[in-house]
Amino acid sequence: MTTASTSSVDARLATLLLKDELTERLHLEADLLDEQRFDEWLELLDDDVTYTMPLRLNVHHSDADRASTKEGDVSWFEDDLSTLRMRVEQLATGEHWAEEPRSRVSHLVSNIRLLSVAPNPMAPEMVEVGCRFLVYRNRVADETDIWVGRRTDTWRADTQGHWRLLRRHLLLDQGVLMAKNLTVLF
Amino acid sequence: MTDSVDPLMVDPDNGIISREIFVSQDVFDTELEQIFARAWLFIGHESQIPEPGDFFNSRMGTESVLLTRDSEGEIHVLLNSCRHRGMKVCRYDEGNTHDFVCPYHGWSYSTDGTLVSVAGELFGVPHYRAGYDRKLDRSQWGLIPTAQMVNHHGLIFATWDPDTPSFDEYTGGFRFWLDNLAANTAGERGRVKALRGVQKWRIKANWKFVSENFLGDNYHGPTSHSSVDAVGLGPGGKEAPTRHGDNKKPRSIGSTSFFDLGHGGVTTAGYAWGYPEFEDENMTTYFQQRWQQREQRLEAEDRPIGGLGPSTMFPSMSLHAGAFPRALIVAHPVGPTETEVWRWFLVDDDLPEDIESWLRRWYLRYSGPAGLVEQDDMENWDYATDASTGTIARRYPYNYQLGLGMASPSEVLDDAVESSYLMTEENARNYYRRWAALMSGASWAEIDQARGGK
Ligand code: FES
Ligand SMILES: [Fe+2]
């Protein structure tokens with residue numbers, strides 16, 4: 151992590167390279183999703199992946215803790231690998247009418263930050279990455295959805311040193327979802 | 055706006071229904087007046103407001119209402135609009151308070167029984183002495199309460215109309231479906247809780263598409279949901295001989311239609327098929343026990359064994375009354391071609407934690423905007439609505455002739471007919487019969503009379 155204590159140039163360089171590597175990962179992921187290479191996208195996931203998007207609630211600001219739903223509550227997504235696989239399989243049937251014909255989708259990710267690196271940037275095994283997402287969907291003719299929010303990912307290095315997504319937590323900035331469905335992977 | 059609707063638009067006897075009723079602004083405005091201001095509507099579940107002072111921001115038709123629990127523990131439903139200039143007195147989805155203070159000029163309304171005589175009464179008025187000379191009669195300017203409210207084993211319903219028949223009369227034999235929704239998997243009523251959080255989303259479809267779907271549209275399943283069969287969404291996983299629901303469900307289990315009341319369900323009151331088999335054997339064992347307990351309880355309480363599966367209570371509340379899933383959905387009208395859908399999920403209040411968590415995750419991948427099943431429904435409802443708005447399209451009515459003349463009286467219920475073949479539009483025909491009766495502008499007494507004093 152880039153903190154005052156990491157004073158050596160080596161460590162700072164390592165952090166910079168790590169950030170570049172993970173930024174590249176996020177951009178690759180966006181391309182795979184937008185090019186509908188869903189099977190390749192699944193390859194980026196850890197076997198223990200959790201993929202969650204809670205509901206957002208209007209509560210008094212002093213109650214901020216309750217402003218989104220928690221584990222155990224209702225959410226938009228609470229997926230593991232088997233459910234994510236099922237989503238991809240369903241898309242491939244050609245009879246998933248909500249995505250047949252397929253929508254045009256673009257994923258933009260920005261504000262990328264390394265939130266934590268374990269055990270250290272010189273030999274990273276687990277990295278928490280924060281970013282914003284903007285997902286744009288255009289469907290059939292004039293149907294258009296824009297989803298914007300904040301994403302917190304945990305990437306874990308597998309035995310070959312490839313980064314795999316272990317946890318994705320999505321905070322969508324919508325109270326009432328202004329879209330008819332969520333057939334898009336975020 | 056018209057006061058009533060041309061009866062020729064709806065011809066249930068011949069299975070012909072005009073597209074106008076799904077796209078016309080006039081019809082929509084009349085629906086708000088004749089249906090949503092008169093019918094019993096679902097407000098929320100008691101478990102959402104367990105403590106005195108708890109509130110849940112709900113909705114009736116197009117309007118915001120507050121489901122509250124006062125300091126004595128009594129439940130109320132109040133229109134969320136200040137009596138001074140109409141400001142929403144509460145813009146939180148949930149919380150705990152005994153007074154709603156209007157952010158516009160500061161009028162405050164209380165649900166504290168030690169301060170006011172009626173929950174929602176106007177309590178605090180800035181400049182009451184100097185500005186109003188103490189002459190403002192606070193007892194006349196409280197938040198508007200619904201005319202009737204009922205707590206049916208934890209399910210809260212209300213209506214704005216004091217003349218609406220009692221909840222028991224209004225629901226008739228459909229109460230068995232509601233009982234199942236309100237009961238845990240062992241059949242004990244009042245033993246479920248709502249999971250925290252209500253999914254709310256907008257669709258570009260007429261609200262009646264939602265009701266009609268759960269009411270008895272078994273016909274759409276094989277086509278609309280062919281993709282979920284392929285991926286093995288059922289509790290038994292891919293190997294089970296299943297479609298998207300329960301793997302023991304026989305091919306034909308009939309459907310039920312309350313011909314005068316408009317409610318309907320895709321199963322019958324006298325038939326049930328037990329809980330499904332799971333990939334995890336422990337869960338299979340657990341639910342087999344629950345099913346046995348359910349059978350015993352229902353027999354002891356003289357309740358019919360069936361009344362499970364998707365169903366709709368007229369006009370706009372739909373439910374899955376069994377546990378796989380156990381959920382309910384309300385189609386709130388926004389405009390003729392736009393609807394705000396709210397979905398609640400209910401679970402037994404005494405499930406082992408791992409089973410509750412399995413059910414929750416399974417519900418979420420089944421239903422709602424991210425649910426593998428429901429996604430395809432919304433695609434169909436939206437584009438069906440869209441392609442029905444055109445000048446030419448509107449000239450041609452929809453066909454509701456599936457199963458015409460093929461229903462017979464239920465042997466279990468005295469106010470329902472059953473169709474022995476699973477695929478029928480009998481339920482929809484009777485739903486629109488009820489719809490037309492209310493839309494005619496007839497009084498409840500007149501509507502009751504037209505039923506032939508049944
Ligand atoms: S609008 Fe509420 S006090 Fe004026
Ligand atoms: Fe469906």
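Residue numbers (the numbering used here), protein chains in the order written: chain G, 151 to 336; chain F, 55 to 508.
Even glycine gets a Cβ: it sits at the ideal position worked out from N, Cα and C.
If you're wondering where the values come from, they're calculated on a predicted model, not measured in any experiment.
When you compare the CB of residue i with every CB in chain F, is at least one pair closer than 8 Å?
i: LEU359 (chain G); result: In the structure as shown, chain G begins at 151 and stops at 336. Residue 359 (chain G) is therefore absent and cannot be evaluated.
i: TYR286 (chain G); result: no
i: GLU185 (chain G); result: no
i: SER225 (chain G); result: yes
i: ALA214 (chain G); result: no
i: VAL277 (chain G); result: no
i: SER266 (chain G); result: no
Specify the secondary structure class of residue i as computed by DSSP and reduced to three states.
i: THR304 (chain G); result: strand
i: HIS138 (chain F); result: coil
i: PHE188 (chain G); result: helix
i: HIS177 (chain G); result: helix
i: GLU175 (chain F); result: strand
i: TYR454 (chain F); result: coil
i: SER203 (chain F); result: Here residue 203 (chain F) turns out to be Met, not Ser, going by the sequence shown. Reduced to three states, the DSSP call for MET203 (chain F) is strand.
i: TYR486 (chain F); result: helix
i: ASP314 (chain F); result: coil
i: PHE399 (chain F); result: strand
i: ALA284 (chain F); result: helix
i: ASP430 (chain F); result: helix
i: PRO295 (chain F); result: Confidence at PRO295 (chain F) is low in this model, with a pLDDT of 48, below 50, so the placement of that residue is unreliable and no value is reported for it.
i: TYR329 (chain F); result: coil
i: ARG245 (chain F); result: coil
i: THR333 (chain G); result: coil
i: GLU117 (chain F); result: strand
From the options, pick the residue whose C-alpha is nearest to that of residue i; which is it?
i: ASP430 (chain F); options: F:THR151, F:GLY115, F:GLY275 and F:THR225; result: F:GLY275
i: PHE313 (chain F); options: F:SER278, F:SER494 and F:GLY270; result: F:GLY270
i: VAL267 (chain G); options: G:SER256, G:PHE283, G:ARG282 and G:ARG306; result: G:ARG306
i: TYR417 (chain F); options: G:THR243, G:SER225 and G:LEU264; result: G:SER225
i: GLY288 (chain F); options: F:GLU175, F:PRO379 and F:THR443; result: F:PRO379
i: ASP233 (chain F); options: F:GLU223, F:ARG245 and F:TYR224; result: F:ARG245
i: PRO199 (chain F); options: F:GLU87, F:THR165, F:PHE76 and F:ALA184; result: F:THR165
i: GLY115 (chain F); options: F:ARG139, F:GLU105, F:HIS138 and F:GLN88; result: F:GLN88
i: ALA377 (chain F); options: F:LYS247, F:GLN194 and F:TRP498; result: F:LYS247
i: SER101 (chain F); options: F:GLY208, F:LEU133, F:TYR163 and F:GLY185; result: F:GLY208
i: SER72 (chain F); options: F:MET460, F:GLU479 and F:SER442; result: F:SER442
i: ARG263 (chain G); options: G:LYS169, G:VAL298, G:GLU245 and G:SER212; result: G:LYS169
Is there at least one non-hydrogen atom of ligand 1 closer than 7 Å to the beta-carbon of residue i?
i: TRP161 (chain F); result: yes
i: GLY174 (chain F); result: no
i: MET493 (chain F); result: no
i: CYS144 (chain F); result: no
i: HIS181 (chain F); result: no
i: GLY178 (chain F); result: no
Would the beta-carbon of residue i be found less than 7 Å away from any heavy atom of ligand 2?
i: ASP469 (chain F); result: no
i: SER278 (chain F); result: yes
i: ASP334 (chain F); result: no
i: ASP198 (chain G); result: no
i: HIS207 (chain F); result: no
i: HIS274 (chain F); result: yes
i: ASN267 (chain F); result: yes
i: ASP323 (chain G); result: no
i: VAL320 (chain F); result: no
i: VAL285 (chain G); result: no
Is the beta carbon of residue i less than 8 Å from the beta carbon of residue j?
i: LEU458 (chain F); j: GLY107 (chain F); result: no
i: ARG351 (chain F); j: ASP229 (chain G); result: no
i: SER370 (chain F); j: ALA385 (chain F); result: yes
i: THR304 (chain G); j: LEU316 (chain G); result: yes
i: ASP98 (chain F); j: PHE230 (chain F); result: Before going on, a small fix: residue 98 (chain F) reads as Gly here, not Asp. Against a cut-off of 8 Å, the Cβ pair of PHE230 (chain F) and GLY98 (chain F) comes out as no contact.
i: ASP197 (chain G); j: LEU234 (chain G); result: no
i: TRP94 (chain F); j: PHE221 (chain F); result: yes
i: LEU235 (chain F); j: LEU382 (chain F); result: yes
i: THR338 (chain F); j: GLU331 (chain F); result: yes
Check whether chain G comes within 8 Å of residue i, counting only Cβ atoms and requiring the distance to be less than that.
i: ALA424 (chain F); result: yes
i: MET371 (chain F); result: no
i: GLU394 (chain F); result: yes
i: TRP255 (chain F); result: yes
i: ARG419 (chain F); result: yes
i: VAL282 (chain F); result: yes
i: ASN301 (chain F); result: Low confidence applies to ASN301 (chain F): its pLDDT is 46, below 50, so where it sits in the model is not reliable, and the reading given next is rough at best. It does not; no Cβ of chain G falls within 8 Å.
i: TYR158 (chain F); result: no
i: PHE399 (chain F); result: yes
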